[in-house]
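Take a look at the structure below.
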Amino acid sequence: YSVTTGLAEPCPLAGIRIRSKIVVKTVRTRRMPVCLLSPHPLVLGEFERVLSGSGYKLIPRLLESSLGPDLRRMSVPRAGVFVVDAHVARAAAGALLSNILEHHPGARILVVAEKLNAAESYSLLRLGAKGLLTYAEVRDHLDRALPLVAGGGFWVPRSVLSGFVDSVLSGPGNRRMQVEVSSELSRREQEVLSGLLENLANKEIAGKLNISERTVKFHVSNLLSKFGVRRRADLILLCFQQRSVAS
23 YSVTTGLAEP CPLAGIRIRS KIVVKTVRTR RMPVCLLSPH PLVLGEFERV LSGSGYKLIP
83 RLLESSLGPD LRRMSVPRAG VFVVDAHVAR AAAGALLSNI LEHHPGARIL VVAEKLNAAE
143 SYSLLRLGAK GLLTYAEVRD HLDRALPLVA GGGFWVPRSV LSGFVDSVLS GPGNRRMQVE
203 VSSELSRREQ EVLSGLLENL ANKEIAGKLN ISERTVKFHV SNLLSKFGVR RRADLILLCF
263 QQRSVAS
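In terms of my numbering, the sequence shown is residues 23 to 269.
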């Protein structure tokens with residue numbers, strides 16, 4: 023899992039070490055409204071109990087229906103983060119996530135389910151989820167995952183994230199994934215980002231741009247910081263989700 027830390031950690035896809043910037047963002051989002059959604063009162067109560075000392079403004083909402091059409095039309099409160107109990111059919115969960123992101127495009131969603139296999143996890147990530155937890159992990163990890171997700175990061179098992187990124191980059195039409203880049207990025211940063219989205223290694227990007235590998239690492243570190251993520255895989259996932267929303 024991605025963990026909030028101020029220490030340098032290895033980047034599994036790049037083979038480099040970076041320093042996390044997530045802690046600063048975590049502090050700034052402490053009073054952010056967090057909406058808790060579940061069709062089960064006991065689960066909703068457990069969410070509240072675990073997060074009672076978090077400092078976030080909690081907005082619990084009991085889902086009155088588990089049907090996709092109802093979840094697609096229901097009114098959702100304004101919040102920066104949504105903790106969603108996905109104990110419903112996959113299509114219904116998708117309808118709820120689509121509803122949330124349609125009305126609050128900048129919201130970040132952390133999904134909780136009984137169990138999550140690779141296919142279910144990939145589906146939720148494609149729908150825009152930023153965090154994935156099982157019920158068994160809520161007690162020990164929800165209060166740790168929420169600040170990371172609220173601060174712009176991802177809480178996804180490393181194996182799931184790696185597998186999903188591989189599927190995105192190797193899938194038809196995704197080899198040269200494009201994304202709208204911020205005006206804050208320099209021309210060189212945009213070129214390096216393009217290389218990352220082609221799944222090129224640092225050495226390959228350096229050769230393509232006729233710059234040193236050390237310079238590539240410098241730009242990669244800046245990109246991770248500007249996008250508020252810790253790893254190349256996180257950045258690729260973020261760009262994929264932004265592209266999906268735009269399309």
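Using N, Cα and C, we set each Cβ at its ideal position, and we do this for glycine too. Remember, it's a predicted structure, so these values are computed and weren't measured experimentally.
For this session: Name, in chain order, the residues that DSSP records as bridge partners for Cys-261.
Result: None, per the DSSP bridge assignment.
Problem set entry | Residues bridged to Phe-104 (per DSSP) | Per DSSP, the beta bridge partners of Phe-104 are Cys-57, Ile-131.
Exercise. Any idea if Lys-152 is buried or exposed, counting beta-carbon neighbours within 10 angstroms, 16 or more meaning buried?
Worked result: buried
Problem set entry | Residues near Ala-117 by beta carbon distance below 6 Å, same chain, minus five either side | The beta carbon of Ala-117 lies closer than 6 Å to those of Gly-90, Leu-93, Arg-94 in the same chain, with the five residues before and after it left out.
Problem set entry | Rounded Cβ spacing between His-316 and Leu-170 (contact assumed at less than 8 Å) | Any answer about residue 316 is impossible in this case: the structure gives the chain only from 23 up to 269.
Exercise. Would you say Leu-59 and Leu-85 are within 8 Å of each other, going by their C-beta atoms?
Worked result: yes
Problem set entry | Spatial neighbours of Leu-147 in its chain, beta-carbon cut-off 6 Å, leaving aside the 5 residues before and after | Once the five neighbours on either side are set aside, the close Cβ partners of Leu-147 are Phe-186.
For this session: Tell me, to the nearest whole angstrom, how far the beta carbon of Phe-104 is from that of Ala-129; I am working on the premise that it is less than 8 Å.
Result: 6 Å
For this session: Pick helix, strand or coil for Gly-67, following the three-state DSSP scheme.
Result: helix
Exercise. If you draw a straight line from the C-alpha of Ile-233 to the C-alpha of Glu-213, how long is it?
Worked result: 11 Å
For this session: Decide yes or no for the touch test of the segment 252 to 265 against the segment 165 to 185: beta carbon pairs closer than 8 Å, at least 3 of them.
Result: yes
Problem set entry | Residue span of the alpha helix (DSSP H) that contains Gly-185, given as start and end | Per DSSP, Gly-185 is one residue of the alpha helix (DSSP H) stretching across 180 to 192.
Exercise. In whole angstroms, what is the alpha-carbon distance linking Ala-111 and Ser-88?
Worked result: 8 Å
For this session: Note the first and the last residue of the continuous alpha helix (DSSP H) segment covering Gly-153.
Result: Premise fails: Gly-153 lies in the beta strand (DSSP E), 151 to 156, not in any alpha helix (DSSP H).
Exercise. So, using beta-carbon positions, are Val-242 and Asn-221 closer together than 8 Å?
Worked result: no
For this session: Within the same chain, show all residues whose beta-carbon is closer than 6 Å to that of Ala-135, passing over the 5 residues directly before and after it, in chain order.
Result: Taken in chain order, the residues that qualify are Ala-108.
Exercise. Does the Cβ of Gly-75 have 16 or more other Cβ atoms within 10 Å, making it buried, or fewer, making it exposed?
Worked result: exposed
Exercise. What does a CB cutoff of less than 7 Å around Gln-263 pick up in its chain, not counting 5 residues either side in sequence?
Worked result: Gly-150
Exercise. Mapping DSSP to helix, strand and coil, what is Gly-250?
Worked result: coil
Exercise. Under the three-state reduction of DSSP, which class applies to Leu-84: helix, strand or coil?
Worked result: strand
For this session: Name the residue from Val-56, Leu-66, Pro-99 whose alpha carbon lies nearest to the alpha carbon of Lys-79.
Result: Val-56
Problem set entry | Straight-line gap, Ser-184 to Ser-143 (C-alpha atoms, nearest Å) | Each residue's Cα considered, the two are about 12 Å apart.
Exercise. What first and last residue would you give for the alpha helix (DSSP H) that runs through Val-98?
Worked result: Looking at the DSSP string, Val-98 is not in any alpha helix (DSSP H), and its letter there is neither H nor E.
Exercise. From which residue to which residue does the alpha helix (DSSP H) around Lys-230 run?
Worked result: 224 to 231
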